[in-house]
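S.K.: The opening residue of the sequence shown carries number 544 in the working numbering; numbering runs sequentially from there.
All residues carry an ideal CB built from backbone N, CA and C; glycine is no exception.
Here's a structure for you.
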Amino acid sequence: MLGMNLWGTIYNMIFMFGWPGAIGYDAVRFCKQHPEAAWDIFLYCLCGAVGQNFIFLTISRFGSLTNTTITTTRKFVSIVVSSLLSGNPLSEKQWGSVIMVFSGLSYQIYLKWKKLQRMQKKRKST
């Protein structure tokens with residue numbers, strides 16, 4: 544993750560400040576004129592960094608399937624809440640997609656659970 548973030552930062556810095564008149568200078572000027580925007584940008588970046596730590600901890604302690612389940616569930620809840628608050632209902636295709644995603648995730652969880660059950664039975668029998 545450190546390498547990905549480092550290279551992402553390097554590429555963004557080159558893109559934003561790599562030549563005269565690049566867009567990064569306008570962004571710095573805007574933040575100087577509107578310090579509240581700079582504070583919001585800082586908080587957004589801080590939340591992203593904290594979120595990456597949670598992702599790393601989840602994957603290292605519980606595995607990628609758990610992280611995928613958490614991420615998909617979070618996105619699903621976000622979409623449904625957004626749809627309900629904005630008054631834009633999900634179409635049949637969208638609901639079908641939601642059902643397919645959660646069916647697949649549920650099946651993977653079930654398979655992992657069955658595998659753990661078999662491993663525990665093996666340990667008890669030996």
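Counting only runs that start and end within the segment 600-639, where is the alpha helix (DSSP H) found for 4 or more residues in a row?
M.R.: 607-629
S.K.: Does Gly551 come out as helix, strand or coil in the three-state DSSP assignment?
M.R.: helix
S.K.: Measure the alpha-carbon distance for Phe558 versus Asn548 and round it to whole angstroms.
M.R.: 15 Å
S.K.: Could you tell me whether the Cβ atoms of Ala581 and Cys574 are closer together than 8 Å?
M.R.: yes
S.K.: Going by the beta-carbon positions, is the gap between Asn610 and Ile622 smaller than 8 Å?
M.R.: no
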